[in-house]
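Here is the structure we will look at, set down as structure tokens.
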Amino acid sequence: MAQVPENRIQWLLSEIRRHDRLYYVLNRPEISDREYDRLFAELKSLEARHPHLVTPQSPTQRVAGEPLAGFATVRHAVAMLSIDNTYNAEELRAFDERVARGLGSRDYDYVVELKIDGVAVSLRYEDGILVRAATRGDGLTGDDVTANVRTIKSVPLELQDSRNIPDVVEVRGEIYMPKTTFAKLNEQKASAGEPLFANPRNATAGSLKLLDAKITATRNLAFFAYASGELSEPLADNHYQILQELKKLGLPVNPNIKKAKDIDEAIGICLGWSDKKTKLDYQIDGMVIKLNSFGQREILGATGRAPRWCISYKFAAEQAQTTVKSIDVQVGKTGILTPVANLAPVLLAGTTVKRASLHNFDEVRRLDVRQGDTVVIEKAGEIIPQVIEVKSKDNRPPDTGPVKPPTKCPACSGTVKKDQNGVYIRCRNPNCTAQLREKLKYFAGRGQMDIEHLGPALIDQLVETHLVENFADLYKLKKEDLLEFEGIADKSATNIIEAIEKSKHPPLWRLIAALGIFNIGGQTAQTFAKYFGTFEKVLAVNKEELKKIKKEEELKKKLLRKKYDKQGISKKEYYKQREDLRKSERLKDIGTEIIDSLCDYMAKPENKATMEELIELKVRPESPKSVPVSEKLAGKTVVVTGTLENFTRTQIEQAIKENGAKTSSSVSKKTDFVLAGKNPGSKLKKAKELGIEVIDESKFIKLVQNGLKFK
Ligand code: IVH
Numbered sequence: 143m144a145q146v147p148e149n150r151i152q153w154l155l156s157e158i159r160r161h162d163r164l165y166y167v168l169n170r171p172e173i174s175d176r177e178y179d180r181l182f183a184e185l186k187s188l189e190a191r192h193p194h195l196v197t198p199q200s201p202t203q204r205v206a207g208e209p210l211a212g213f214a215t216v217r218h219a220v221a222m223l224s225i226d227n228t229y230n231a232e233e234l235r236a237f238d239e240r241v242a243r244g245l246g247s248r249d250y251d252y253v254v255e256l257k258i259d260g261v262a263v264s265l266r267y268e269d270g271i272l273v274r275a276a277t278r279g280d281g282l283t284g285d286d287v288t289a290n291v292r293t294i295k296s297v298p299l300e301l302q303d304s305r306n307i308p309d310v311v312e313v314r315g316e317i318y319m320p321k322t323t324f325a326k327l328n329e330q331k332a333s334a335g336e337p338l339f340a341n342p343r344n345a346t347a348g349s350l351k352l353l354d355a356k357i358t359a360t361r362n363l364a365f366f367a368y369a370s371g372e373l374s375e376p377l378a379d380n381h382y383q384i385l386q387e388l389k390k391l392g393l394p395v396n397p398n399i400k401k402a403k404d405i406d407e408a409i410g411i412c413l414g415w416s417d418k419k420t421k422l423d424y425q426i427d428g429m430v431i432k433l434n435s436f437g438q439r440e441i442l443g444a445t446g447r448a449p450r451w452c453i454s455y456k457f458a459a460e461q462a463q464t465t466v467k468s469i470d471v472q473v474g475k476t477g478i479l480t481p482v483a484n485l486a487p488v489l490l491a492g493t494t495v496k497r498a499s500l501h502n503f504d505e506v507r508r509l510d511v512r513q514g515d516t517v518v519i520e521k522a523g524e525i526i527p528q529v530i531e532v533k534s535k536d537n538r539p540p541d542t543g544p545v546k547p548p549t550k551c552p553a554c555s556g557t558v559k560k561d562q563n564g565v566y567i568r569c570r571n572p573n574c575t576a577q578l579r580e581k582l583k584y585f586a587g588r589g590q591m592d593i594e595h596l597g598p599a600l601i602d603q604l605v606e607t608h609l610v611e612n613f614a615d616l617y618k619l620k621k622e623d624l625l626e627f628e629g630i631a632d633k634s635a636t637n638i639i640e641a642i643e644k645s646k647h648p649p650l651w652r653l654i655a656a657l658g659i660f661n662i663g664g665q666t667a668q669t670f671a672k673y674f675g676t677f678e679k680v681l682a683v684n685k686e687e688l689k690k691i692k693k694e695e696e697l698k699k700k701l702l703r704k705k706y707d708k709q710g711i712s713k714k715e716y717y718k719q720r721e722d723l724r725k726s727e728r729l730k731d732i733g734t735e736i737i738d739s740l741c742d743y744m745a746k747p748e749n750k751a752t753m754e755e756l757i758e759l760k761v762r763p764e765s766p767k768s769v770p771v772s773e774k775l776a777g778k779t780v781v782v783t784g785t786l787e788n789f790t791r792t793q794i795e796q797a798i799k800e801n802g803a804k805t806s807s808s809v810s811k812k813t814d815f816v817l818a819g820k821n822p823g824s825k826l827k828k829a830k831e832l833g834i835e836v837i838d839e840s841k842f843i844k845l846v847q848n849g850l851k852f853k
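Numbering (this note's numbering), first residue to last: 143 to 853.
Have a look at this one:
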């Protein structure tokens with residue numbers, strides 16, 4: 143007897159899912175591609191005849207029908223950090239020494255993994271269903287690439303497990319393009335006369351950022367999970383175990399994962415892969431060594447950029463030879479004079495290289511690089527070209543001498559000085575126009591004030607004509623001023639002025655970062671923004687006060703460590719208290735040098751005057767806690783479940799926040815109401831059990847539009 147369509151569809155769904163997992167995750171297919179295609183075709187035709195039986199989790203729904211309108215921004219629940227790099231065994235041993243010192247013991251083990259050269263993403267599963275995929279972005283916020291990621295067959299749309307799946311499972315991993323696909327794609331591009339992708343990583347990034355998911359689907363991208371992000375319940379207490387748990391949930395984990403009992407074993411594994419790597423059908427640019435225990439990871443913590451419990455070992459980069467045409471000196475935004483080699487153009491790892499930074503004059507002396515030299519270059523981290531070695535020292539013409547460090551600024555002829563105990567030579571002239579240009583470019587750049595249309599060429603003109611002599615002058619510009627410049631018509635002048643106006647209310651940390659103060663990048667600026675709260679308080683910074691707080695925070699950590707060493711508390715309790723302390727720290731990861739840097743900057747009368755002018759010109763950054771635009775849901779806690787018709791996850795969360803409420807990922811007694819869409823998960827059940835109000839999307843819209851009081 144023929145099965146009813148519902149049952150047949152159910153069976154096909156579970157069979158296809160099983161075969162997807164066998165093929166993509168376990169690498170152990172049980173049926174031929176042809177048989178698989180037959181199952182898929184049957185499902186498709188059944189769904190076509192019974193559209194009401196199609197679920198968003200069906201494998202036929204991987205490709206979104208509608209092109210994306212752009213990418214929404216997603217804030218990561220847990221920051222996506224980077225990894226510090228090493229290039230040889232000695233540096234790996236130094237890392238191990240730091241770990242041993244930090245833990246005060248050698249009782250730990252490592253996990254060694256391949257460093258997949260693709261694009262990092264965070265996948266969020268709620269009630270076992272993939273609700274969002276986001277790129278790493280700047281580590282705190284990334285792009286919502288859910289529609290594109292849904293087309294990747296090794297990314298399960300739904301988690302599977304015999305046991306209960308936590309309400310929220312966030313998975314971190316790498317999306318990559320197999321080498322063979324990359325080669326084919328470039329062949330197609332070449333025959334179509336289109337520009338080629340430089341490497342599989344660029345091809346992956348390009349494919350993920352396509353606005354039409356249908357094209358992404360043809361790019362054969364794949365995924366490996368390598369860590370967890372937010373979890374509503376812990377899945378394991380060490381890394382190796384968590385990878386096994388992720389595998390059980392149906393996520394593909396790279397099979398070449400190895401435990402290492404100490405750094406020597408880890409180094410052996412890393413070195414072994416530098417020859418074997420060519421055999422893989424995906425590109426790896428190194429290896430990653432991770433401390434296994436989560437408890438021990440917590441003790442080590444992270445710097446602003448990268449965790450202290452993890453390190454990458456990068457394979458030797460591709461190299462090329464070329465000649466040095468000349469050596470220039472560039473002036474940076476903090477006055478640092480950087481020597482740069484102009485090179486005869488040469489192809490290196492997919493791009494043409496014409497310039498390479500020589501970093502500083504100590505490096506120039508160490509390399510003894512001179513004009514006309516033949517040099518070996520390579521790309522650091524496969525991106526930034528560097529001069530590694532001079533090849534021609536014995537054949538130089540007799541009249542060439544070493545490059546001399548500058549005795550005055552090449553841009554303003556101002557006096558220069560070498561940093562105390564440092565390698566940098568700086569221009570000391572506070573009015574150096576080259577510095578001002580770089581400062582303004584940084585200030586206006588993406589990630590800082592993000593002033594659209596205010597590009598480097600315009601900044602050069604603004605500085606040359608003395609229209610802009612500090613940050614505040616930007617906000618005094620008028621349309622008529624800009625119309626004086628060649629190539630700026632009425633429309634673009636309006637756009638520029640509007641963009642400058644629009645930049646007046648950035649989050650406070652962005653404004654702090656935009657000032658380009660030595661040693662103060664985005665992460666540090668965020669800590670300061672939280673500490674000060676308002677721009678006025680940043681201006682009134684008090685060195686003694688900051689140093690006192692820093693000292694107190696350090697002392698607390700020392701006392702806790704002492705308590706632990708004297709066996710006053712258990713290891714578990716120590717971890718917990720240490721983490722609590724870390725969370726409560728107001729000057730997290732800020733050292734005395736950074737404090738000096740900020741205070742010295744604010745103490746300079748010309749800087750202070752500019753800052754005060756910015757305030758007068760109504761540059762009003764937002765304080766760290768975003769202020770809701772409406773009070774309609776003030777104080778409420780809302781849980782969202784299922785698929786909504788009018789909102790993506792990011793949009794609904796934003797809408798909830800903007801109306802004064804906060805979202806939570808799991809239902810508890812503290813939940814005020816649950817907003818349920820199509821195919822709600824276990825959260826709905828839990829809400830009913832706890833007697834919590836459930837509303838649908840149209841009711842939500844009414845609530846926020848009309849401001850109906852929620853009962
Ligand atoms: S762990 C805090 N594991 O490398 C550490 N990253 O240079 C989080 N990557 O952004 C990352 N393979 O895109 C980790 N097995 C692996 C990796 C891996 C590739 C990438 C990832 C990350 C970058 C850091």
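Even for Gly, the Cβ is constructed at its ideal location relative to N, Cα and C. As the structure is a prediction and not an experimental result, all values here were calculated from the model.
### Message
At a cut-off of 7 Å, would you count C452 as near the ligand IVH, judging by its Cβ distance to the nearest heavy atom?
### Response
Yes, Cβ of C452 sits closer than 7 Å to a heavy atom of the ligand IVH.
### Unbroken stretches of the beta strand (DSSP E), 3 residues or longer, contained in the region 713-790
The region 713-790 contains these whole beta strand (DSSP E) runs: 779-783.
### Message
Between which residues of its own chain and G392 is the CB-CB distance below 7 Å, once the five residues before and five after are set aside?
### Response
So the list reads R163, V167, P298, L301 and Q302, once near-sequence residues are dropped.
### Query
Would you say P449 touches the ligand IVH, meaning its beta carbon is less than 7 Å from a heavy atom?
P449: yes, Cβ under 7 Å from the ligand IVH.
### Task
Could you pull out every residue in the same chain whose Cβ sits closer than 6 Å to the Cβ of A276, ignoring the five residues on either side in sequence?
These residues qualify, in order along the chain: V216, S264, G284 and D286.
### Task
Under 8 Å Cβ to Cβ from I601, same chain only, skipping five residues before and after it: list those, please.
For I601, where only same-chain residues beyond five positions count, the Cβ hits under 8 Å are R579, L582, K583, A586 and V610.
### Message
In whole angstroms, give me the CA-to-CA distance for R204 and T288.
### Response
Distance between the alpha carbons of R204 and T288 is about 10 Å.
### Query
Secondary structure at T323, three-state DSSP: helix, strand or coil?
Helix, per DSSP.
### Task
Please find out if some non-hydrogen atom of the ligand IVH comes closer than 7 Å to the beta-carbon of A262.
For A262, the shortest C-beta to heavy atom distance toward the ligand IVH is below 7 Å.
### Message
For A682, count the other beta carbons within 10 Å of its own beta carbon; 16 or more makes it buried, fewer makes it exposed. Which is it?
### Response
Exposed is the call here.
### Query
What do you reckon, are the CB atoms on P342 and K321 nearer than 8 Å?
Yes, the pair counts as a contact, with Cβ atoms nearer than the cut-off.
### Task
Give the DSSP-derived three-state secondary structure of A219 in the structure shown.
Secondary structure at A219: coil, using DSSP grouped into helix, strand and coil.
### Task
Find the nearest neighbour of Y617 within the set E839, I638 and Y566, judged by alpha-carbon distance.
It is I638.
### Query
If you draw a straight line from the alpha carbon of D403 to that of A671, how long is it in whole angstroms?
Inspection of the sequence shows that residue 403 is occupied by Lys rather than by Asp. Taking the straight line joining both Cα atoms gives about 42 Å.
### Task
Spell out the partners DSSP gives S264 in its beta bridges.
S264 pairs with A276 and R314.
### Task
Rounded to whole angstroms, what's the CA-CA distance from S296 to T480? Just pull it up for me.
Computed Cα separation, rounded: 46 Å.
### Query
What's the call for H194, buried or exposed, on a 16-neighbour Cβ count within 10 Å?
Counting Cβ neighbours within 10 Å, H194 comes out exposed, since fewer than 16 surround it.
#### Entry: Chain-order list of residues whose beta-carbon lies under 6 Å from that of P308 (same chain, five-residue window excluded)
Excluding positions up to five away in sequence, the list reads L373, S374 and E375.
### Query
Can you tell me whether A190 is buried or exposed, with buried defined as 16 or more other CB within 10 angstroms of its CB?
Counting Cβ neighbours within 10 Å, A190 comes out exposed, since fewer than 16 surround it.
### Query
Do you know whose CA, among K825, R588, R724 and M429, lies nearest L653's CA?
Residue R588 holds the alpha-carbon nearest to the alpha-carbon of L653 among K825, R588, R724 and M429.
### Message
Could you compute how far the alpha carbon of S83 sits from the alpha carbon of Y706?
### Response
The chain is shown from 143 up to 853; residue 83 falls before or after that span and cannot be answered.
### DSSP state of K621 mapped onto helix, strand, coil
Secondary structure of K621 (DSSP, three-state): helix.
### Y455 (DSSP reduced to helix, strand or coil)
The DSSP-derived three-state label of Y455 is strand.
### Message
Nearest by alpha-carbon distance to G437: which of E727, Q719 and R176 is it?
### Response
Nearest of E727, Q719 and R176 to G437, Cα basis: Q719.
### Message
Does the distance between the C-beta of I639 and the nearest non-hydrogen atom of the ligand IVH fall short of 7 Å?
### Response
Remark: the C-beta of I639 is outside contact range of the ligand IVH, defined as less than 7 Å to any heavy atom.
### For R450 and K560, the rounded distance between their alpha carbons
Near 31 Å, if we compare the C-alpha coordinates of R450 and K560.
### Query
Taking Cβ positions, are G823 and L786 nearer each other than 8 Å?
No; because the gap between Cβ atoms is not below 8 Å, this pair is not in contact.
### Message
Which runs of the alpha helix (DSSP H) at least 4 residues long sit entirely within the region 669-702? Give them in chain order.
### Response
Within the region 669-702, the runs of alpha helix (DSSP H) that reach at least 4 residues and sit entirely inside it are, in chain order, 677-681.
### Query
If we call anything under 8 Å between Cβ atoms a contact, is A448 one with L223?
Yes, these two residues count as a Cβ contact at 8 Å.
#### Entry: G284, DSSP secondary structure in three states
Strand at G284.
### Task
Let me know if T783 comes out buried or exposed under the rule of 16 or more other beta-carbons within 10 Å of its beta-carbon.
Result: buried.
### Query
Just to check, is the beta-carbon of Y165 closer than 7 Å to a non-hydrogen atom of the ligand IVH?
It does not: the Cβ of Y165 is nowhere closer than 7 Å to a heavy atom of the ligand IVH.
### Task
Hey, could you find the ends of the beta strand (DSSP E) N227 is sitting in?
Unbroken beta strand (DSSP E) run through N227: D226 to T228.
### Query
Just to check, is the beta-carbon of E255 closer than 7 Å to a non-hydrogen atom of the ligand IVH?
Remark: the shortest separation between the CB of E255 and any heavy atom of the ligand IVH falls under 7 Å.
### Message
Less than 8 Å between the C-beta atoms of K456 and Y252, yes or no?
### Response
K456 is not a Cβ neighbour of Y252, given a cutoff of 8 Å.
### Task
Can you grab the Cα-Cα spacing for the pair T465 / F339, in whole Å?
Each residue's Cα considered, the two are about 26 Å apart.
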